[in-house]
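S.K.: When you read off a place in the sequence shown, starting at 1, and then add 44, the result is the number in the numbering used here.
Just dropping this structure here.
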Amino acid sequence: MPSLAIRGGRPLRDKGWPSWPIYDERELKALEEVLKSRFWGGGVGKSGPKEREFEEKFANYHGCRYGVCVSSGTVALHVALLAAGVGPGDEVIVPALTFWATGSAVLMTGAIPVIVDVDPNTYCLAVEGVEDAITDRTKAIISVYNYGNAPDMDEIVRLAKENDLVLIEDCARAHGFVWRDKPVGSIGDMGCFSFQQGKFMTAGEGGIVITNNPMYAEICHAIKDCGRIRGGGVYRIGILKWLNWYNYRMTQFQAAILLVQLERLEEQLKIRQENSEYLSKRLEEVEGITPLRINPRLTRYQPWPFAFKYDASYFKGVPLERFIEALRAEGIPCSRTEPPLHIALVPPRDPKAYELYVRRNRGCPIAEKAYYEEAVELPQYLFLGTKEDMDDIVEAIIKIHKNIDELL
Numbered sequence: 045m046p047s048l049a050i051r052g053g054r055p056l057r058d059k060g061w062p063s064w065p066i067y068d069e070r071e072l073k074a075l076e077e078v079l080k081s082r083f084w085g086g087g088v089g090k091s092g093p094k095e096r097e098f099e100e101k102f103a104n105y106h107g108c109r110y111g112v113c114v115s116s117g118t119v120a121l122h123v124a125l126l127a128a129g130v131g132p133g134d135e136v137i138v139p140a141l142t143f144w145a146t147g148s149a150v151l152m153t154g155a156i157p158v159i160v161d162v163d164p165n166t167y168c169l170a171v172e173g174v175e176d177a178i179t180d181r182t183k184a185i186i187s188v189y190n191y192g193n194a195p196d197m198d199e200i201v202r203l204a205k206e207n208d209l210v211l212i213e214d215c216a217r218a219h220g221f222v223w224r225d226k227p228v229g230s231i232g233d234m235g236c237f238s239f240q241q242g243k244f245m246t247a248g249e250g251g252i253v254i255t256n257n258p259m260y261a262e263i264c265h266a267i268k269d270c271g272r273i274r275g276g277g278v279y280r281i282g283i284l285k286w287l288n289w290y291n292y293r294m295t296q297f298q299a300a301i302l303l304v305q306l307e308r309l310e311e312q313l314k315i316r317q318e319n320s321e322y323l324s325k326r327l328e329e330v331e332g333i334t335p336l337r338i339n340p341r342l343t344r345y346q347p348w349p350f351a352f353k354y355d356a357s358y359f360k361g362v363p364l365e366r367f368i369e370a371l372r373a374e375g376i377p378c379s380r381t382e383p384p385l386h387i388a389l390v391p392p393r394d395p396k397a398y399e400l401y402v403r404r405n406r407g408c409p410i411a412e413k414a415y416y417e418e419a420v421e422l423p424q425y426l427f428l429g430t431k432e433d434m435d436d437i438v439e440a441i442i443k444i445h446k447n448i449d450e451l452l
């Protein structure tokens, strides 16, 4: 009789995991308040009441003076890039492993994303690759916090300053992170966050750009509010030759939910960080499984997603996808990572831009190995559970390892 669930055996785990999103009567009360106020949409010419309150609280929480709410995390990146003056003919350095919005936001401006490979220990942007990728066309760097981890932000800040580049932090998966003593989002010129369904804070959708630069704050607001300037007035033409205006506003319903979600962030971050650190230690007990190495200068973090490396040579050559199928069958939600950007993105159609894009992006072997052979992801909501839940993840992997012949 088989032991593994994928072969008809009993799953190691048959109970559920923490539900996500989390809500209670506070969200219901906040939504009712907005409903009765009859102020439902995004503020026109200025932020609406809930939106304004959230912008201030969220930006201050992350060490910034200004916040501009927008309709999604992708939009936050697009707006920040436009505010930085990025447009056709420019290049923006991005990491190979990230959700493809990081690269597509660059393409939305007409610029070329230059895709740099990742560090094999962190799966985040490799500094040496950034340095090699800088040319006289480079306008900005987008550093991404991924897998509850960070690139070497000290070095990235140095490179940005030395080369007069705008540094945009993609914090879509980094709510509440702290690099040394500085909240993420306040380290570069602008920080971009997402509030999509799966993020640490969610209103279903939504995003925000935070900054300490008043000029960037004003331009970001104008871009997302059809050219309107906070406090009155409208930009009649694009302040930059390629800059158009958009309706990228957030609703008051979203802002109201996010105000409550922000109240929960500290407690949830602590639980997720403790559980991820515990799971990493337990995974080190299993031959062929290696948790990512968290940069020690990243002092506050939580996994979105949690990732570990799978070495098929310790599992009799069973390929990554088959291992993931077996782990799912044992009751552990998991998946492969997203494909690297040079695989996921559709190149620009313009012949000259296409030629430059292809010439500047020739493959990223570390990211490709992660995607095809070794990276296993676990969703963030698992880490709101208990130490016993983390133990189940490890025991499921051990069970597969012991019965690996059933997968051959």
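The beta carbon of each residue, even a glycine, is placed where N, CA and C say it ideally should be.
#1: When you compare each of G52, D394, A388 to G154 by their alpha carbons, which one comes out closest?
#2: Quick check for students: name the residue ranges of the alpha helix (DSSP H) that lie wholly in the stretch 99 to 175, counting only runs of 4 or more.
#3: Check whether the stretch 371 to 384 touches the stretch 57 to 72, taking contact to mean three or more Cβ pairs, one atom from each stretch, closer than 8 Å.
#4: DSSP three-state label for I442, please.
#5: Would you give the residue range spanned by the beta strand (DSSP E) that R344 belongs to?
#6: Are there 16 or more other CB atoms within 10 angstroms of the CB of D355, so buried, or fewer, so exposed?
#7: Since Y354 sits in a beta bridge, which residues does DSSP pair it with?
#8: If we require 4 or more residues per run, which alpha helix (DSSP H) segments fall completely within the stretch 182 to 212?
#9: Measure the C-alpha to C-alpha separation of Y415 and T381 and round it to an integer number of angstroms.
#10: Between which two residues does the alpha helix (DSSP H) containing M259 stretch?
#11: By alpha-carbon positions, which one of G87, I50, S47 ends up nearest to R274?
#12: Ignore the nearest five residues each way along the sequence and tell me which others in N256's own chain have a CB closer than 6 Å to its CB.
#13: Can you round the beta-carbon distance between R326 and G89 to whole angstroms, since I take them to be within the 8 Å contact cut?
#14: Mark P392 as exposed unless 16 or more other C-beta atoms lie within 10 angstroms of its C-beta, in which case mark it buried.
#15: Give the secondary structure of S324 by DSSP, where H, G and I count as helix, E and B as strand, and everything else as coil.
#16: Can you tell me where the beta strand (DSSP E) with E469 in it begins and where it stops?
#17: Please go through the same chain and pick out, in chain order, the residues whose beta-carbon is closer than 8 Å to the beta-carbon of E307, but skip the five residues on each side of it.
#18: Hey, quick one: how far does the alpha helix (DSSP H) through F367 stretch, first residue to last?
M.R.: A quick look at the data gives this:
#1: Locating residue 154 in the sequence shown gives position 110, counting from the first residue. Of G52, D394, A388, the residue nearest in Cα terms is D394.
#2: If we require 4 residues or more, the alpha helix (DSSP H) runs fully inside the stretch 99 to 175 come out as 117 to 127, 145 to 152.
#3: Yes, they touch.
#4: As a working mapping, residue 442 is identified with position 398 in the sequence shown. In the three-state reduction of the DSSP assignment, I442 falls in the helix class.
#5: For the purposes of this step, residue 344 is identified with residue 300 of the sequence shown, where counting begins at 1. Run containing R344: 342 to 344, per the beta strand (DSSP E) assignment.
#6: By one-based count along the sequence shown, residue 355 stands at place 311. It counts as exposed.
#7: As a working mapping, residue 354 is identified with position 310 in the sequence shown. I333.
#8: Correct list: 197 to 206.
#9: Position 371 of the sequence shown, counting from 1, holds the residue named residue 415. Position 337 of the sequence shown, counting from 1, holds the residue named residue 381. Y415 and T381 have their C-alpha atoms roughly 6 Å apart.
#10: Translated into positions along the sequence shown, residue 259 becomes position 215. If you look at M259, you'll find it in the alpha helix (DSSP H) that goes 258 to 268.
#11: Locating residue 274 in the sequence shown gives position 230, where the first residue counts as 1. Checked all of G87, I50, S47; the closest Cα to R274 is G87.
#12: Reading the sequence shown from its first residue, position 212 is the one you call residue 256. Within the same chain, N256 has close Cβ partners C108, R109.
#13: Within the sequence shown, numbered from 1, the residue matching residue 326 stands at position 282. Within the sequence shown, numbered from 1, the residue matching residue 89 stands at position 45. Actually they do not touch by this definition, with Cβ atoms about 53 Å apart.
#14: As a working mapping, residue 392 is identified with position 348 in the sequence shown. Buried is the call here.
#15: Your numbering for residue 324 matches position 280 in the sequence shown. In this structure, S324 counts as helix in the three-state DSSP scheme.
#16: Residue coverage of the chain in this structure runs from 45 to 452, which leaves residue 469 outside it and unanswerable.
#17: Mapped onto the sequence shown, residue 307 falls at position 263. Excluding residues up to 5 positions away in sequence, R70 lie with their Cβ nearer than 8 Å to the Cβ of E307 in the same chain.
#18: The residue given as residue 367 occupies position 323 in the sequence shown. Boundaries of the alpha helix (DSSP H) harbouring F367: 364 to 373, taken from the DSSP string.
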